[in-house]
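Residue numbers (UniProt numbering): 1 to 686.
Presented below is the structure to which this report refers.
Dropping the structure here:
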C-alpha cells in the first residue's frame, strides 16, 4: 500500500519539474514504481510531448541518483552491485553501454545494452533499448528548443556506472580519445556492404550472385543469354577501400566507417557519412545504429575534463522534392540562405541540446517516423527523401555565444532506381525519382572535387549538396560512403549500378596509382595481397580460392588489360568486355552527358515552375478574396435608396476585368507548366 507521504513526495517533485498537470495520472503510485518507469511507459500516463518526456526523464534520473547516493552513505544498506571491471580485451572505444553492442548481421540482435542496470547509477532500467533494431522507426512527439542547463563536472557521481570504474575508466577513455583525435582518416572512403538473401528471395530460388573475394574486392556473377539461347556468366570485379560480407555486424561497420571520424570533430572537422543503394538493400538497417553509437561516444568524450565546456546539439531534416523540412519541428519548411561569410545557413532549423544517449534515440525515432515515404515500382515503402541527422559540437565563443567546433552528418539517401523500374509510376513519382537521381549525381561530383582538392566544389548542383556545403570544404572535411548492395540474381542491374556509382565516386583518387596493384585475374579468383608488409585478413575467404562450379571459363586476359576500381587498395585486371560493362566507353559519354544535362535542366525548370505556380495560385486566391469583399460592399451600396446604377455598373465591370486578368495570368502559368510536364513524358519514353 502506498503511503500518503510517498505519494505527496512524488506530486511535489512533479510540480517542481513543471509537470504538475500530470499529478492525477501518477496519483497513488509508489516511489519505487515511479523511479522504475521506462521511457516507453510515459505514454500510458498521458506524457506524449517531447518536452514533457525530457522533463520526466531527467526527474526520474535525479531521483534514482539521489536514492543511489543514499544507499552508498548508509552502512546498513545492502551493498550495491559493483560495476563490471574494464576488461583488458575490450576495445578501448566500446566501454560505454551502447558501445559494447554485439549484434549479428540481419538477425536477432542481443540487447543494445550489455547491462542496462549500469546505464545510470541506481537505475533498474530507465531506458529500454531492447527493441532497438525493430522499433527504431516508431513515431513520437515533437520537441522544442530549450536552453541547456549548466554543465556540471566532467564526471559526476551519478555517472560513475556509465563511464566505468572511476579509478581506471576515465583515464582509459582519455587515452583512447587522444589516440583517435590524432588519427588522420582519408578524405574519402568507399565501403561496400553486402546483405544476405532474405526469406522471400530464398523461397523464389534466387541465387547469391555476389562473392566477397577479400577485404577490399568483390565479384558479381551476371547470368546472360546469347543469341542462340545458351546461357553464360559474365563476371564483374570491383575493388574498394573495404568490402564487407553478410557476416559483418553493425559493430564492425561502425568501427570501420564512423569511429575514425569522431576524433576530427574536436579539431574543427566537418565529417559526413552516407549510405547509398537500391531500396531494400539494407541502407536503413546499416545507418540506424550509427548516429546513436556516435552520439554515445561523443557524450562520453564531452564528459572528459578537456571537453567539459563543449555541448552536443542534434538536428534532423529531410530534403524532399528540392525542399527542406525540419523533421523535429512538425515538418516546418525551411529556407536556405548564404551569409556574408559565404556560409550556408538553414533558416529556422531547430537544434536540440542533448546530454544522454536516450535523448538522441528519442529525436532520431521521431525524425524517422516523420520522413516521407512512397510506393515505387521497386519497393512498396521506399524512402522518397534524403534524411540528414547532424551532430554539432559547440563550445564557448569570444562573444559569449556558442561557436561551432565540429559537425558530423549522417545521410540516409533516398532509394535509387533504374529508369526501367519507373514504367508504372505516376508523374509525381517520376519527378521525385528524377530529382533524387539529380541530387545523387551532384553529390558524386562534390565528393570528386573534395578528394582532388579542387578550388571549386559544385555544391550548387542540388539542394542536398548546397545544404552540405561546409562538409565539402576545408582541410578537415572527411566523407565516408557506404554502398549497400543486394545479392539476389533478380537485382543484378541494381547491384551493378550501385557498384559503378561507388566506383566513380573514388575513381579519381589522387593516390590511385600508388594504391592500384595487379595480380587478380578473372581466370584465377584467388585474392592476393600485394602491399609490402600487409597481413592476411582473418575474414573467411575460401570462396576466393575456387571458381564457382556454374561459372563459365573466360579466355586468357592479356597483360595490357585495364583495371576496374583500380583506385582501391587492390586492382583487378579484366578483359575488354568487362571493362566496357563496368565503365562506358568515352565515345558514348558526350551523348549520355548531353541527354543527362537536358533532363536535369528540364527537371530543374519543372521544379521551379511548380513553386511559382503554387505561389501564383495563392496570390490569385488572395486577390479574389479582396475582390469578393469589394463586390459585397458594392451590392450593399446598390441596395441603398438613391444609389446610382451607372456607378454600380462601372465598378462591377472593373472588378470583373481584374478577375479575368488574374485568372488569365494563372491560366498562362498553368499551361506553361503542363507543356513542361508533357515534355518530360516525351523524354521519359526515349
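Backbone N, C-alpha and C fix where the C-beta goes; we use that ideal spot for every residue, glycine too.
N-terminal and C-terminal residue of the alpha helix (DSSP H) that residue i is part of
{"i": "residue 26", "result": "23-26"}
{"i": "residue 300", "result": "289-302"}
{"i": "residue 256", "result": "250-257"}
{"i": "residue 366", "result": "357-369"}
For residue j and residue i, the rounded distance between their alpha carbons
{"i": "residue 624", "j": "residue 670", "result": "17 Å"}
{"i": "residue 614", "j": "residue 679", "result": "20 Å"}
{"i": "residue 237", "j": "residue 495", "result": "12 Å"}
{"i": "residue 674", "j": "residue 682", "result": "13 Å"}
{"i": "residue 688", "j": "residue 31", "result": "The question about residue 688 has no answer, for the chain in this structure spans 1 to 686."}
{"i": "residue 53", "j": "residue 352", "result": "14 Å"}
{"i": "residue 473", "j": "residue 467", "result": "12 Å"}
{"i": "residue 360", "j": "residue 193", "result": "26 Å"}
{"i": "residue 393", "j": "residue 621", "result": "45 Å"}
{"i": "residue 322", "j": "residue 604", "result": "9 Å"}
{"i": "residue 250", "j": "residue 286", "result": "7 Å"}
{"i": "residue 268", "j": "residue 406", "result": "5 Å"}
{"i": "residue 486", "j": "residue 289", "result": "20 Å"}
{"i": "residue 505", "j": "residue 43", "result": "45 Å"}
{"i": "residue 59", "j": "residue 66", "result": "11 Å"}
{"i": "residue 636", "j": "residue 334", "result": "43 Å"}
{"i": "residue 37", "j": "residue 19", "result": "15 Å"}
{"i": "residue 646", "j": "residue 640", "result": "14 Å"}
{"i": "residue 458", "j": "residue 492", "result": "31 Å"}
{"i": "residue 62", "j": "residue 307", "result": "23 Å"}
{"i": "residue 187", "j": "residue 256", "result": "14 Å"}
{"i": "residue 271", "j": "residue 55", "result": "31 Å"}
{"i": "residue 13", "j": "residue 41", "result": "18 Å"}
{"i": "residue 225", "j": "residue 234", "result": "10 Å"}
{"i": "residue 601", "j": "residue 665", "result": "24 Å"}
{"i": "residue 632", "j": "residue 320", "result": "42 Å"}
{"i": "residue 284", "j": "residue 489", "result": "22 Å"}
{"i": "residue 200", "j": "residue 366", "result": "29 Å"}
Beta-carbon proximity list for residue i, same chain, < 7 Å, skipping 5 on both sides
{"i": "residue 294", "result": "258, 262, 391, 408"}
{"i": "residue 630", "result": "655"}
{"i": "residue 609", "result": "672, 673, 676"}
Chain-order list of residues whose beta-carbon lies under 6 Å from that of residue i (same chain, five-residue window excluded)
{"i": "residue 185", "result": "260, 478"}
{"i": "residue 662", "result": "620, 623"}
{"i": "residue 672", "result": "none"}
{"i": "residue 315", "result": "349, 351, 390"}
{"i": "residue 480", "result": "189, 257, 273"}
{"i": "residue 499", "result": "238"}
Contact check, residue i vs residue j, beta carbons under 7 Å
{"i": "residue 191", "j": "residue 245", "result": "no"}
{"i": "residue 465", "j": "residue 443", "result": "yes"}
{"i": "residue 254", "j": "residue 483", "result": "no"}
{"i": "residue 411", "j": "residue 274", "result": "yes"}
{"i": "residue 25", "j": "residue 45", "result": "yes"}
{"i": "residue 404", "j": "residue 354", "result": "no"}
{"i": "residue 243", "j": "residue 217", "result": "yes"}
{"i": "residue 209", "j": "residue 198", "result": "no"}
{"i": "residue 310", "j": "residue 302", "result": "yes"}
{"i": "residue 651", "j": "residue 634", "result": "yes"}
{"i": "residue 386", "j": "residue 349", "result": "no"}
{"i": "residue 318", "j": "residue 327", "result": "yes"}
{"i": "residue 296", "j": "residue 396", "result": "no"}
{"i": "residue 331", "j": "residue 347", "result": "no"}
{"i": "residue 469", "j": "residue 344", "result": "yes"}
{"i": "residue 438", "j": "residue 462", "result": "yes"}
{"i": "residue 279", "j": "residue 415", "result": "yes"}
{"i": "residue 264", "j": "residue 476", "result": "yes"}
Bounding residues of the beta strand (DSSP E) (the contiguous stretch that carries residue i)
{"i": "residue 229", "result": "Here residue 229 belongs to no beta strand (DSSP E), and DSSP marks it neither H nor E."}
{"i": "residue 278", "result": "Neither: residue 278 is in no beta strand (DSSP E) and is coded neither H nor E."}
{"i": "residue 338", "result": "332-338"}
{"i": "residue 326", "result": "323-326"}
{"i": "residue 243", "result": "242-244"}
{"i": "residue 345", "result": "344-347"}
Contacting residues, own chain, Cβ-Cβ under 8 Å from residue i (five flanking each side not counted)
{"i": "residue 501", "result": "276, 416, 440, 444, 483"}
Short CB-CB distance (under 7 Å) between residue i and chain D
{"i": "residue 503", "result": "Structure shown: chain D not included; a single protein chain is present."}
Alpha helix (DSSP H) segments (min. 4 residues) lying fully within the region 10-52: Secondary structure remark: continuous alpha helix (DSSP H) runs of at least 4 residues inside the region 10-52, in chain order: 23-26, 31-35.
Alpha helix (DSSP H) runs wholly inside the region 446-489, at least 4 long, in chain order: Segments of the alpha helix (DSSP H) lying fully in the region 446-489: 463-467.
task: Would you mind listing the beta strand (DSSP E) stretches within the region 186-241 that are 3+ residues and don't spill past its ends, in chain order?
output: If we require 3 residues or more, the beta strand (DSSP E) runs fully inside the region 186-241 come out as 188-194, 210-212, 217-225, 231-239.
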